[in-house]
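Asks: The following block contains the structure, expressed as structure tokens.
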Amino acid sequence: MNIPLEILRYIIFLVMGIIFTKWYVEKKAWDGSYRISLTFNLIWKTINFFVLITINLTLEYFWFVFLLKSGEVMILTIITTISWFFLNIFLGIIIFKIIYKQKMQESIILIIIIVIIEMFLDIIINLLSFILYYTLTL
Amino acid sequence: MIIMEVKEKNNSTLNKSRTILFGFELNRSQTVLILISSFIGLFTISYELFGFSIFYLIYLIFGTLPDYLSNPEQYLYHVFIYNFALTITKIVVSIIFLYLSIITLKRILKIDNNKIESNRKIIHQDRIVNWLGFKLSHDQSILVFCLSLAGILFTAQFFIASLTPPLYMPEMCCNTIMKTPLEDLCCIPIGPNWFRSHELLINYARIVLSGIFLILFFYSLITTRRGKPITPNKKIAKTYGLLVFIASIIIFLLYLTRFFCHIFLFTELAHILGINPIPTNSYQTNDFINVITILIISLSLLIGSYFIKESPHKEIKLNESLTWFHIKLTPKKAIFLLSLSILFIFLFGYTFLTEVFITNRYFRLYFPNFLFLIIPYGLIIILCYYTIDKIVKRGRLDKFIESIEDSKEITTRWFKFNLTHLYSLIFFSLSIGFLIIFIYQLMGFRIVIEIMQLDPNIAMYSLLIFISYMYMVIILGLFFIATIYTIKQTIPSIKSR
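Chains as they are written, first to last, in my numbering: chain A, 1 to 138; chain B, 1001 to 1497.
Here it is as structure tokens:
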């Protein structure tokens, strides 16, 4: 696990989340202040960040010893990606409900869109880092 | 007098609600089913075309071609040509399907549909079609027409995919190398890892099989447009019987090819091909028994399907409530479920056929593997078919459509079209299905890139690979935008009462 890259991702996702939540909340005519948007995203992303790191490190500790030596990297990646996706959505919905005091179904579309954008950004960040690495080594 | 009045009323309702497409007169439920299919076609084919096929062609032109021209002796000429031919055929087939989907969608969504085709000969609803000994209703003849059209285009791909085996060895085939679908069908096991075949046999099999399929499909295209008026005594085929017949005839023809391969390789008839007969052993005998078993089963199903019939006019119970796995279906739930079932039957059906006849990567036509493929895919397809059949049969779909159209009409704007409440509901349901599929695709990309990141030999990847992933992610992003836009525009249809 690349910790500096994870922190960079965390910051990018946080900024994107704040902007997107504020826009959506204003559109729905709820409380659209930056403070609440920041609180929601900060709690959501921080909990998600630490839970993900814990899952990753736990799996790496136990799995690397037994499985990764035999080239089973794919299983670890599949588990973390799927758990990240569902955990992200679940946490987002719960925290949104607590902070904005809105019905659960109101937040589902917003949370899913944010998670999809995060996945795209994540892939693009990775690909850009590959391309940068590749052009620098040429 | 009363009957006349009712008939006139029915005719006026029919004229108001009928759609004419490629000469076929369609009622409301047929129009809905074709609209669902064309929407699925629009999204899946364009994603396949722009996300993969065109990109792969660019990759071949700018990546493989310069390498091949600079160092031709390192490449196998026929492998290079094979990839080009297959990609171009795939692109042509996709463009034809995409064009048909767009035309269908535009015609159904346009209000003045009848004006367009007023001068053409119309194929009316009240007819019975005689097709290969079956008596088909108008619904079934449209189904066979669509399947034949798809079959012609699929056969073209199958022919090209079987044209030049990539790593071909004229007489000996080993299961460790990649085989084309036809090579797989014509290679007979003679040991745990060894198969035997012959170049001439594969060439003849390709020509004969493609020829038979094309003749069947063209015959179906022509005969389904003809028909006789309905007579009350005549019984028509049941749809599932028809589908069993189509599946059985395809399996029968494929395994008949394998049967002839056995005969021409292991008996005295091998001299016709100019080769010496190969001595038989237990592996060959076991395979021959498997082939004979499959031929007997498929032939029995083929004959049995002729006896599955029903009366053309079935009584419709109007107050009957519909449940699906103990869930009571309201009209909206039924349309939602119907749309998703058609989407998944297309998706799994297409993946199944492509795996078996075109790519041949994971599943082989070779007997045991074929069964492993049929069981999971077959279960999903049967579940989807059960759902579709439950909602559509005995005029239930008409009842659901009527119920939705009777409620307060919502007109939504979707690109440059105005959607009715019913069409909004269909588009919403399909977009939810596509959202799930695209999220699955996105997760796939994320997993691949995470694995690439963990790979210590990352420098071994070429820049073209990273750019290709970037391109595919951007295309996927555009499809996400289109899907979310459709959901946003059509969501009022599910909220309204």
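Glycine included, C-beta positions come from ideal geometry on N, C-alpha and C.
Spell out the partners DSSP gives residue 1323(B) in its beta bridges.
Replies: In DSSP, residue 1323(B) forms a bridge with 1328(B).
Asks: Would you say residue 1340(B) lies against chain A (beta-carbon separation less than 8 Å)?
Replies: For residue 1340(B), the answer is no, since every Cβ of chain A falls outside 8 Å of its Cβ.
Asks: What's the C-alpha gap between residue 1253(B) and residue 47(A)?
Replies: Looking at the two C-alpha atoms, the distance is approximately 59 Å.
Asks: Would the beta-carbon of residue 1435(B) fall within 8 Å of that of residue 1427(B)?
Replies: The answer is no: Cβ separation not under 8 Å.
Asks: Can you pull the chain A neighbours of residue 1035(B), defined as C-beta to C-beta under 9 Å?
Replies: The premise fails here: residue 1035(B) is roughly 25 Å from chain A at the closest Cβ pair, so nothing lies under 9 Å.
Asks: Put residue 1247(B) into one of helix, strand or coil per three-state DSSP.
Replies: DSSP places residue 1247(B) in helix when its eight states are reduced to three.
Asks: Within 8 Å (strictly less), CB to CB, does residue 24(A) reach chain B?
Replies: No, no contact with chain B.
Asks: For the region 18 to 25 of chain A and the region 50 to 60 of chain A, state whether three or more C-beta atom pairs, one from each stretch, are separated by less than 8 Å.
Replies: Cβ pair count under 8 Å is below three, so no.
Asks: Apart from the five residues just before and just after residue 31(A), which ones in its own chain have a Cβ nearer than 8 Å to its Cβ?
Replies: The residues are 25 and 100.
Asks: May I ask you to list, following chain order, the residues of the region 17 to 46 of chain A that have a beta carbon less than 9 Å from some beta carbon of chain B?
Replies: Within the region 17 to 46 of chain A, no residue has a Cβ that lies closer than 9 Å to any Cβ of chain B.
Asks: Quick one: Cα of residue 1022(B) to Cα of residue 1121(B), how far?
Replies: Each residue's Cα considered, the two are about 10 Å apart.
Asks: Using the beta-carbon of each residue, which ones in chain B are nearer than 7 Å to residue 59(A)?
Replies: Within 7 Å Cβ-Cβ: nothing; residue 59(A) doesn't reach chain B, min ~13 Å.
Asks: Examine chain B for any beta-carbon lying closer than 8 Å to the beta-carbon of residue 49(A), and answer yes or no.
Replies: Residue 49(A) does not count as touching chain B.
Asks: How would you list, in chain order, the residues of chain B whose beta-carbon sits under 8 Å from the beta-carbon of residue 100(A)?
Replies: In chain order: nothing, as chain B lies at least about 20 Å away.
Asks: Run through DSSP, which three-state label would residue 1022(B) get?
Replies: In the structure shown, residue 1022(B) sits in coil (DSSP, three-state: anything other than H, G, I, E or B).
Asks: If the cut-off is 7 Å on Cβ atoms, which residues from the region 1400 to 1426 of chain B count as contacting chain A, listed in chain order?
Replies: Cβ contacts with chain A: none found.
Asks: Can you say whether residue 1413(B) is buried or exposed, counting buried as having 16 or more other CB atoms within 10 angstroms of its CB?
Replies: Counting Cβ neighbours within 10 Å, residue 1413(B) comes out exposed, since fewer than 16 surround it.
Asks: Does residue 1058(B) get closer than 8 Å to chain A when you measure Cβ to Cβ?
Replies: False, the Cβ-Cβ gap to chain A never drops below 8 Å.
Asks: Taking residue 1149(B) as the reference, give the member of 1256(B), 1051(B), 1331(B) and 1221(B) with the closest Cα.
Replies: Ranking 1256(B), 1051(B), 1331(B) and 1221(B) by Cα distance to residue 1149(B) puts 1221(B) first.
Asks: At a CB-CB cut-off below 7 Å, which residues of chain B make contact with residue 126(A)?
Replies: Here the neighbours are 1449 and 1453.
Asks: With 8 Å as the threshold, decide whether the Cβ of residue 1113(B) is near any Cβ in chain A.
Replies: Low per-residue confidence applies at residue 1113(B): pLDDT is 49, beneath 50, and the placement is therefore not dependable enough to give any value.
Asks: Going by DSSP, what residue range makes up the alpha helix (DSSP H) through residue 121(A)?
Replies: Residues 104 to 137.
Asks: Exposed or buried, what is residue 1082(B) when buried is set at 16 or more other beta-carbons lying within 10 Å of its beta-carbon?
Replies: Buried: at least 16 other Cβ atoms inside 10 Å.
Asks: What would DSSP say about residue 1275(B), mapped onto helix, strand or coil?
Replies: Coil.
Asks: Going by beta carbon distance, what residues of the same chain come within less than 6 Å of residue 59(A), once the five residues before and after it are set aside?
Replies: If we look at residue 59(A) and ignore the five residues flanking it on each side, its Cβ neighbours are 76.
Asks: I'd like to know whether the C-beta atoms of residue 1097(B) and residue 1045(B) end up nearer to each other than 8 Å.
Replies: Taking 8 Å as the Cβ cut-off, residue 1097(B) and residue 1045(B) qualify as a contacting pair.
Asks: Can you name the residues of chain B whose CB is closer than 8 Å to the CB of residue 90(A)?
Replies: Under the 8 Å cutoff, chain B gives no residues; its nearest Cβ is about 15 Å from residue 90(A).
Asks: Given that a residue counts as buried once 16 or more other Cβ atoms are within 10 Å of its Cβ, and exposed if not, what is residue 1450(B)?
Replies: It counts as buried.
Asks: What residues are listed by DSSP as bridge partners for residue 1130(B)?
Replies: Looking at the DSSP assignment, residue 1130(B) forms a beta bridge with 1135(B).
Asks: How big is the Cα-Cα spacing for residue 4(A) and residue 78(A)?
Replies: So the two alpha carbons sit approximately 22 Å from each other.
Asks: Assuming contact is defined by CB atoms lying nearer than 8 Å, are residue 1091(B) and residue 1053(B) in contact in what I supplied?
Replies: Going by C-beta atoms, residue 1091(B) is nearer than 8 Å to residue 1053(B).
Asks: Spatial neighbours of residue 1302(B) within its chain, please: C-beta separation below 7 Å, excluding the five flanking residues on both sides.
Replies: 1245, 1248, 1249 and 1252, listed in sequence order.
Asks: With 8 Å set as the bound, which would you pick, yes or no: does the beta-carbon of residue 1446(B) sit closer than that to a beta-carbon of chain A?
Replies: So, interface residue.
Asks: By the three-class DSSP mapping on this structure, what secondary structure does residue 1113(B) have?
Replies: With a pLDDT of only 49 at residue 1113(B), under 50, the local geometry of the prediction cannot be trusted, and no value is derived from it.
Asks: Here's the rule I'm using: 16 or more other beta-carbon atoms within 10 Å means buried, otherwise exposed. How should residue 1019(B) be labelled?
Replies: Result: buried.
Asks: Just mark residue 6(A) as buried or exposed, buried being the case when its beta carbon has 16 or more other beta carbons within 10 Å.
Replies: So residue 6(A) counts as exposed.
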